[in-house]
Amino acid sequence: MKQFWITFFGSIFGVIIGSVLAVILFTFMVFGLFASALSSAENEVALPADGIVLELDLRAGRLDSPSSSPFAFAEPLSVVDVVRTLERAETDERVRGLFIRANEFGMSPATAEEMRLAIENFQASGRFVLTHAQGFEGTSVTNYYAVAGSDEIWLQDTASFTPAGLAAEVTFLGGLFEQFDAVPQFEQFYEYKNAANQYTQTGLTEAHREAMTSYIGSIYDTAVASIADDRGTTTAAIAEVFETSPHTAETAQSVGMVDRLGHVIEAREAALARAGAGSSGVALSDYAAQPAPFSSAPVIALIEGQGPIVTGGGDASPFGGSEMIGGDRMSENILAAAEDPNVRAIIIRVDSGGGSAIASDQIWHAVIRAREAGKPVVISMANAAASGGYYLAAPADYILAHATTITGSIGVLGGKVDLSGTYARLGLSTESVSVGGEYATAFSGQQSWTDSQRDAYRQQMEDIYEDFTSRVADGRDLPLERVLEIARGRVWTGAQALDLGLVDEIGGFRDAVAAAKELAGIAPEGDFRLRRYPEPLTGFEAFQQLFGVSADSAEAMARMNALMELPEVQAALEARQQMDAQGIQLRANAPQPR
C-alpha cells in the first residue's frame, strides 16, 4: 500500500513537472516560431529570370501607408508601397505585365485614383495590364474607376455590372437622445462644420446637404471623366451606363465597359500567354520584398501619417489595429529629417480627417522649423486631409491632392452630451463638489452648461478657429478675408480645393516625389533615395522592443527552431521517443507490488 501511494504521488508529481516543462518548451517553441516568422518575413522570394507577370489583388482593403505595427505581416501592401513597387518594376526587363484582381464592391475614391495613376504609369513603360473581376457588384463607381484604364478588362460571365454612382448616408442621433432626455451641447465654427449635426439634429441641415451634394458630385464627375478617357468614349456615354444600372455581363461587354467574359483562371492564362512562353506570375508583395540596390544618391525623406490626430506618440497596438497620428511622433520625425544633412527635401503623406487642434499645431510648427532649416516640404494628400489634416499641411512649400481627396474643413467644433435627464429617468442622481471656479464642471456629463460656461467654451473654440484660419492664410499666402469665405468648416474635394487655392496641384504620390525633386534641385531623371522616417523596424528589432529580449537572443531562437527541423535531428528525436516508449511499456507490464 505504501508503494502504491509513493507510485501515485510520484505519478502526480511527474505529471506536474511534465506539464511545467511542456509549458516552458511550448513557450520556447512559440518564441522560436515567432522569431522564425519574423526572419522569414524578411527573406526575399527567388524570382524567375524572365517573363514575370506581377499579380495585384485589389479585393482586400489596404492602408494608405504601411501599418505602424512591425508585426502586421498579413496586411496587404499599402497604397504607397504598391505605387513604389510598380514604379520599380517599370525598369525591370524581367517584368512583362500586371494581372489585377479587381475590387468587387468599391474602395475609397482617392485610393482608386492613386491605383489608376499607377496603372497608367506602368503602361507608359511599355508593359500591359490585364484585369479580371468576379463582378462589379457594388453600386459605387470607384472599383471600376481604379481599373478602367487596363488594356483588357475581363468579367465573369455570370456576374453583374452594377456601378451606379455615389451615395453617402448619415445616421442622426438627435431623436434618440430626445427619447432618453439626453441633451447634446456643441459649439461649431461654422455651419458647414457638420460632424456635430449627427448628435444635435434629426436630419440634414441646408448647409450639410449642400456640402455633401457638392463633394460627392465632384468625385462622381471626376470618375466619369477619367473613365470616359480610359475607355475612349464620352462622359455622356459613361453616365448613361451608370444611370441605367444594373447590367448583365453581356450588356457590360456590348457597351464597352469590359472587353472579355470568362473566369479568373482563363484571364490569368491569357495574361501569361500575352507575356510569352515560359512566363510566370509573381505576387506584387513578393516582388516588393526584393532588396533595393545600394545607392549613395541624394535622400528625400518620407514621413507618413494616417488616422486621427492625437497628442503624444499616437501608439497603437503592436499587433496592428487603428492607426493614429501622434503629435510628438510626427513632429519628431519631421525635425529629425530636417536635421539630417543627407536629406534634400521632405514629403509628408497625409491621410486624416483631423483630430486634436493642439497636436495639429505641434506638427504645423515642425513643418515651419523644417522649412527654416532649408528643407523644402511637400504634402501628398491621400484619401483625406481635412480639418487637422489640412491644418498641419498648410505651411508646406507645395501641396498635392487627388481630385477626389476630401480636404479643407477649416473649422472647429466641440462639446458634450448632458446625461442628467437620462440618469433621472433611471433613478440615478449625481451631485458635484468643486473648487476653483465655475468652469471646473464645464465638461461634466451630468449637468448642462451654465450661460457663462457656454460663453467661455465658445470663446475657446473661436480662438482655435482664428488660429486655424490665420495659419492657412499665412501658409497659403491668401488674404484672411478669402480664407474666412472658404473656411466655415466646409469640406471640399481636391479638384475644388485647387480652384480655391488650398492646394497647388492635382496628383498622386509620384507627382509629389517629382515636386520634391524639383524643389531640392535634383534633375527630373536624377537618381535619389526615398527614406522613411522613422525607418521601419526589422522583425528582430520589433521582437526586442516588444518582449525585452535582444535581437541576438531572438535570432538564436530562430536558429534553434531551424536546427530542430533538420532531418538528422528529427531522426534522432524519433529514435529517442521510441526508446522512451519501449521503457514505458516494460514498466507497464512488470508485476505490481501488493
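Just so you know, we're using the working numbering here: the sequence shown kicks off at 1270 and counts up by one. In this text, a Cβ means the ideal position worked out from N, Cα and C, and glycines have one as well.
Those residues which DSSP pairs with V1322 across a bridge
The residue given as residue 1322 occupies position 53 in the sequence shown. According to DSSP, which records beta bridges pairwise, V1322 is partnered with G1366, G1550.
Using the C-alpha atoms, what's the distance from D1620 back to R1694?
Locating residue 1694 in the sequence shown gives position 425, where the first residue counts as 1. Locating residue 1620 in the sequence shown gives position 351, where the first residue counts as 1. So the alpha carbons of these two residues sit roughly 42 Å apart.
Which whole-angstrom value describes the C-beta separation of V1782 and Y1734, a residue pair presumed to lie in contact below a C-beta threshold of 8 Å?
Counting from one through the sequence shown, the residue named residue 1782 turns up at place 513. Counting from one through the sequence shown, the residue named residue 1734 turns up at place 465. Going by Cβ atoms, the distance from V1782 to Y1734 rounds to 34 Å, so no, they are not a contact pair.
Just the C-alpha distance for V1439 and M1376, rounded to the nearest angstrom, thanks.
The residue labelled residue 1439 in the question sits at position 170 within the sequence shown. The residue labelled residue 1376 in the question sits at position 107 within the sequence shown. Take the alpha-carbon of V1439 and the one of M1376: they are about 18 Å apart.
Going along the chain, which unbroken runs of the beta strand (DSSP E) with 3 or more residues stay wholly within the segment 1585-1659?
Counting only runs of 3 or more, we get 1612-1621, 1646-1655.
Report yes if the C-beta distance between Q1728 and A1711 is below 8 Å; otherwise report no.
Taking the first residue of the sequence shown as position 1, residue 1728 is located at position 459. Taking the first residue of the sequence shown as position 1, residue 1711 is located at position 442. 8 Å or more divides the Cβ of Q1728 from the Cβ of A1711.
For I1627 versus G1582, is the C-beta distance shorter than 8 Å?
Translated into positions along the sequence shown, residue 1627 becomes position 358. Translated into positions along the sequence shown, residue 1582 becomes position 313. In this structure, G1582 does not lie closer than 8 Å to I1627 by Cβ.
My parser needs the beta strand (DSSP E) runs of 3 or more residues fully inside the segment 1510-1571; what are they?
As far as the segment 1510-1571 is concerned, its whole beta strand (DSSP E) runs of at least 3 residues are 1549-1552.
By DSSP, does S1689 sit in helix, in strand, or in coil?
Position 420 of the sequence shown, counted from the start, is the residue given in the question as residue 1689. DSSP, read as helix, strand or coil, puts S1689 in helix.
Verify whether the separation of the beta carbon atoms of A1539 and L1530 is less than 8 Å.
Indexing the sequence shown from 1 puts residue 1539 at position 270. Indexing the sequence shown from 1 puts residue 1530 at position 261. No, the Cβ-Cβ distance between A1539 and L1530 is not below 8 Å.
Buried or exposed: N1903, going by 16 or more other Cβ atoms within 10 Å of its Cβ?
What is shown of the chain runs 1270 to 1863, which leaves residue 1903 out entirely.
Buried or exposed: where does T1738 fall if 16 or more other Cβ atoms within 10 Å of its Cβ makes it buried?
Taking the sequence shown and counting its residues from 1, one reaches residue 1738 at position 469. T1738 should be labelled buried.
Taking buried to mean at least 16 other C-beta atoms within 10 Å of its own C-beta, is V1416 buried or exposed?
Mapped onto the sequence shown, residue 1416 falls at position 147. The residue in question, V1416, is buried, as its Cβ has 16 or more Cβ neighbours within 10 Å.
First through last residue of the alpha helix (DSSP H) which encompasses I1485
Residue 1485 sits at position 216 when you count from the first residue of the sequence shown. Per DSSP, I1485 belongs to the alpha helix (DSSP H) from 1475-1500.
CB of G1574 within 8 Å of CB of G1623, strictly:
Here residue 1574 refers to the residue found at position 305 when the sequence shown is read from its first residue. Here residue 1623 refers to the residue found at position 354 when the sequence shown is read from its first residue. No; because the gap between Cβ atoms is not below 8 Å, this pair is not in contact.
DSSP beta-bridge partners for E1774?
Position 505 of the sequence shown holds residue 1774. When DSSP reads this structure, E1774 sits in a beta bridge with L1669.
For T1762, list the residues DSSP reports as bridge partners.
The residue given as residue 1762 occupies position 493 in the sequence shown. Partner(s): I1675.
Any idea what DSSP makes of E1389, helix, strand or coil?
Here residue 1389 refers to the residue found at position 120 of the sequence shown. In the structure shown, E1389 sits in a helix (DSSP, three-state: H, G or I).
Which residue from L1769, S1649, Q1522, M1526 puts its Cα closest to that of T1504?
Taking the sequence shown and counting its residues from 1, the one referred to as residue 1504 is at position 235. For T1504, the closest of L1769, S1649, Q1522, M1526 by C-alpha to C-alpha distance is M1526.
In three-state DSSP terms, what is G1444?
Indexing the sequence shown from 1 puts residue 1444 at position 175. G1444 falls in the helix class under three-state DSSP.
Would DSSP call T1738 helix, strand or coil?
Residue mapping note: residue 1738 aligns to position 469 of the sequence shown, counting from 1. Look at T1738 here: in three-state DSSP terms it is helix.
Rounded to the nearest angstrom, how far is the Cβ of R1365 from that of A1506, given a contact under 8 Å?
Position 96 of the sequence shown, counted from the first residue, corresponds to residue 1365. Position 237 of the sequence shown, counted from the first residue, corresponds to residue 1506. Rounded, the Cβ-Cβ distance is 32 Å, inconsistent with contact.
Quick one: grab the DSSP three-state call for M1298.
Sequence index remark: in the sequence shown, residue 1298 carries index 29 (1-based). Here M1298 scores only 44 on pLDDT, less than 50, and its place in the model should not be relied on; the value that follows carries that caveat. Here M1298 carries a helix assignment [DSSP, helix/strand/coil].
How many angstroms separate the CA atom of M1481 from the CA atom of A1436?
Against the sequence shown, residue 1481 aligns to sequence position 212. Against the sequence shown, residue 1436 aligns to sequence position 167. Spanning the two alpha carbons is a distance of roughly 9 Å.
So, Q1467 versus F1441, is the Cβ gap smaller than 8 Å?
Position 198 of the sequence shown holds residue 1467. Position 172 of the sequence shown holds residue 1441. Yes. Within cutoff.
Going by C-alpha distance, which of P1664, V1314, Y1660 is nearest D1746?
Numbered from 1 along the sequence shown, position 477 holds the residue referred to as residue 1746. Nearest option by C-alpha distance: P1664.
Expressed to the nearest angstrom, what Euclidean distance is found between the alpha-carbon atoms of G1776 and L1541?
The residue given as residue 1776 occupies position 507 in the sequence shown. The residue given as residue 1541 occupies position 272 in the sequence shown. Taking the Cα positions, G1776 is about 32 Å away from L1541.
Could you tell me the boundaries of the beta strand (DSSP E) in which V1410 lies?
The residue given as residue 1410 occupies position 141 in the sequence shown. Run containing V1410: none; DSSP gives neither H nor E here.
Which residues DSSP lists as bridging R1331, in chain order
Your numbering for residue 1331 matches position 62 in the sequence shown. Answer is none; R1331 lacks a bridge partner.
Around the Cβ of E1311, are there at least 16 other Cβ atoms within 10 angstroms (buried) or fewer (exposed)?
Mapped onto the sequence shown, residue 1311 falls at position 42. Because the pLDDT at E1311 is just 49, under 50, the model does not fix this residue reliably, and the value given afterwards should be weighed accordingly. Exposed is the call here.
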